[in-house]
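Enquirer: What follows is a single structure, and I will ask about it in a moment.
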Amino acid sequence: MKELIEYIAKSLVDDPSQVRVDEIEGTNSVVLELHVAPEDMGRIIGRKGRVANAMRTLVRVVAAKQGKRVTLEIV
Amino acid sequence: MKELIEYIAKTLVDDPSQVQVDEIEGTSSVVLELHVAPEDMGRIIGRKGQVANAMRTLLRVLGGKEGKRVTLEIVESLLAEAAAEEVVAEEVAPVEEEAPMEEAAPTEAEVVEEILIVEEEVPSEEELIEAPLEEEVEETTGEEAD
Numbered sequence: 842m843k844e845l846i847e848y849i850a851k852s853l854v855d856d857p858s859q860v861r862v863d864e865i866e867g868t869n870s871v872v873l874e875l876h877v878a879p880e881d882m883g884r885i886i887g888r889k890g891r892v893a894n895a896m897r898t899l900v901r902v903v904a905a906k907q908g909k910r911v912t913l914e915i916v
Numbered sequence: 386m387k388e389l390i391e392y393i394a395k396t397l398v399d400d401p402s403q404v405q406v407d408e409i410e411g412t413s414s415v416v417l418e419l420h421v422a423p424e425d426m427g428r429i430i431g432r433k434g435q436v437a438n439a440m441r442t443l444l445r446v447l448g449g450k451e452g453k454r455v456t457l458e459i460v461e462s463l464l465a466e467a468a469a470e471e472v473v474a475e476e477v478a479p480v481e482e483e484a485p486m487e488e489a490a491p492t493e494a495e496v497v498e499e500i501l502i503v504e505e506e507v508p509s510e511e512e513l514i515e516a517p518l519e520e521e522v523e524e525t526t527g528e529e530a531d
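Protein chains in written order, with the working numbering: chain W, 842 to 916; chain E, 386 to 531.
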């Protein structure tokens with residue numbers, strides 16, 4: 842999950858060096874904190890949060906395979 | 386772009402070995418053909434196409450950086466296409482069987498007779514419906530008169 846978000850984020854942003862994903866695991870849930878450069882926040886969230894929601898959809902599929910709920914936060 | 390879709394698709398599917406992405410480049414547009422195993426089609430498209438659309442959203446951002454429009458098509462993998470052709474061949478056969486039925490149809494007299502029978506039945510149904518309605522009307526008017 843972490844790798845997927847990291848890969849997607851790095852391909853979208855202008856400054857891949859500042860992309861970092863922290864994974865916090867609970868028993869049934871996972872929180873992913875995606876850090877990007879301030880200049881890339883707009884691009885990674887997208888108009889009306891479309892890009893962020895696209896990433897959430899994809900990561901949800903991966904999490905479902907493991908029987909988990911996932912929360913993606915962009916920081 | 387191709388690499389991103391390949392990575393995402395391989396992460397999502399059960400059978401990554403059948404994931405293949407073909408990139409067809411135009412001057413201002415790119416078509417990506419994503420091939421996955423037939424069993425993985427559901428997962429890669431998602432409920433109401435949510436997963437497919439999520440991938441399209443990401444591609445749009447990536448395409449935007451290069452000033453290109455990206456089209457993502459999801460296709461069953463090449464291995465499955467051979468099997469699909471057999472299915473198509475089977476589907477063609479019944480169509481050919483239907484053709485003689487159309488040739489046998491034009492006995493117009495029979496068709497006309499059927500229409501006549503139907504037309505005769507329809508008024509009788511209307512009469513049945515109208516009859517009780519009139520009775521009700523008469524009853525109500527009768528009550529009002531009292």
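Even glycine gets a Cβ: it sits at the ideal position worked out from N, Cα and C.
(1) Taking CB distances under 8 Å as the criterion, tell me whether Ser402(E) reaches chain W.
(2) Assuming Val862(W) contacts Leu853(W) under a Cβ cut-off of 8 Å, what Cβ separation, rounded to an integer in Å, is found between them?
(3) Under a Cβ-count criterion, where at least 16 other Cβ atoms within 10 Å of its own Cβ denotes burial, should Met842(W) be classed as buried or exposed?
(4) Taking one C-beta from the region 438-458 of chain E and one from the region 407-417 of chain E each time, how about it: are there three or more such pairs within less than 8 Å?
(5) Return the residue from the list Met896(W), Lys906(W), Gln859(W) that minimises the CA-CA distance to Asp425(E).
(6) Starting from the beta carbon of Arg891(W), find every residue of chain E whose beta carbon is closer than 8 Å, and list them in chain order.
(7) How is Gln405(E) classed by DSSP in three states: helix, strand or coil?
(8) Does DSSP put Thr412(E) in a helix, in a strand, or in coil?
(9) Going along chain W in order, which residues have a C-beta closer than 7 Å to the C-beta of Ala439(E)?
(10) Report the neighbours of Ser852(W) on chain E: residues whose CB is nearer than 7 Å to its CB, in chain order.
(11) What residue range does the alpha helix (DSSP H) around Thr898(W) cover?
(12) Which residues of the region 414-431 of chain E have a Cβ closer than 8 Å to any Cβ of chain W? Give them in chain order.
(13) Under 8 Å Cβ to Cβ from Leu845(W), same chain only, skipping five residues before and after it: list those, please.
(14) Spatial neighbours of Glu461(E) within its chain, please: C-beta separation below 8 Å, excluding the five flanking residues on both sides.
(15) Mapping the DSSP letters down to three states, classify Glu391(E) as helix, strand or coil.
(16) According to the neighbour-count rule (16 or more other Cβ atoms, all chains shown, within 10 Å of its Cβ), is Ala394(E) buried or exposed?
(17) Strictly below 9 Å CB to CB, what residues from chain W border Leu397(E)?
(18) Quick check: Gly885(W) and Ala850(W), are their CB atoms within less than 8 Å of each other?
(19) Check the Cβ-Cβ distances between Gln405(E) and every residue of chain W, and say whether any is below 8 Å.
(20) Work out the CA separation of Val860(W) and Glu847(W) for me, nearest whole Å.
(21) Check for me: the alpha helix (DSSP H) holding Glu847(W) runs from which residue to which?
(22) Nearest-angstrom Cα distance between Glu483(E) and Asp407(E)?
(23) So the candidates are Pro857(W), Arg910(W), Lys909(W); which of them puts its Cα closest to the Cα of Ser878(W)?
Expert: Answer, in terms of the structure:
(1) For Ser402(E), the answer is no, since every Cβ of chain W falls outside 8 Å of its Cβ.
(2) About 13 Å separates the two Cβ atoms, so there is no contact after all.
(3) Result: buried.
(4) Yes, they touch.
(5) Nearest option by C-alpha distance: Lys906(W).
(6) Simply Thr442.
(7) DSSP, reduced to helix, strand and coil, places Gln405(E) within a strand of the structure shown.
(8) Correct three-state label for Thr412(E): coil.
(9) What Ala439(E) touches in chain W: Ala895, Thr898, Leu899.
(10) Near Ser852(W) (Cβ distances below 7 Å), the residues of chain E are Leu389, Leu447.
(11) Unbroken alpha helix (DSSP H) run through Thr898(W): 891-906.
(12) Residues Arg428, Gly431.
(13) Closer than 8 Å at the Cβ level, and outside the excluded window around Leu845(W), lie Leu899, Val900, Val903.
(14) The beta carbon of Glu461(E) lies closer than 8 Å to those of His420, Val421, Ala422, Pro423, Met426, Ala469 in the same chain, with the five residues before and after it left out.
(15) The three-state secondary structure of Glu391(E), taken from DSSP, is helix.
(16) Counting Cβ neighbours within 10 Å, Ala394(E) comes out buried, since at least 16 surround it.
(17) Within 9 Å Cβ-Cβ: Leu845, Leu899, Val902, Val903, Lys906.
(18) One point to set straight first is that residue 885(W) is Ile, not Gly, in the sequence displayed. In terms of Cβ geometry, Ile885(W) and Ala850(W) form a close pair [threshold 8 Å].
(19) Gln405(E) does not count as touching chain W.
(20) Their backbone Cα atoms lie some 7 Å apart in a straight line.
(21) Segment 843-853, the alpha helix (DSSP H) holding Glu847(W).
(22) A caution first: Glu483(E) carries a pLDDT of 47, below 50, which makes its placement in the model too unreliable to give a value.
(23) Correcting the residue identity first, residue 878(W) is Ala in this sequence and not Ser. Closest by alpha carbon: Pro857(W).
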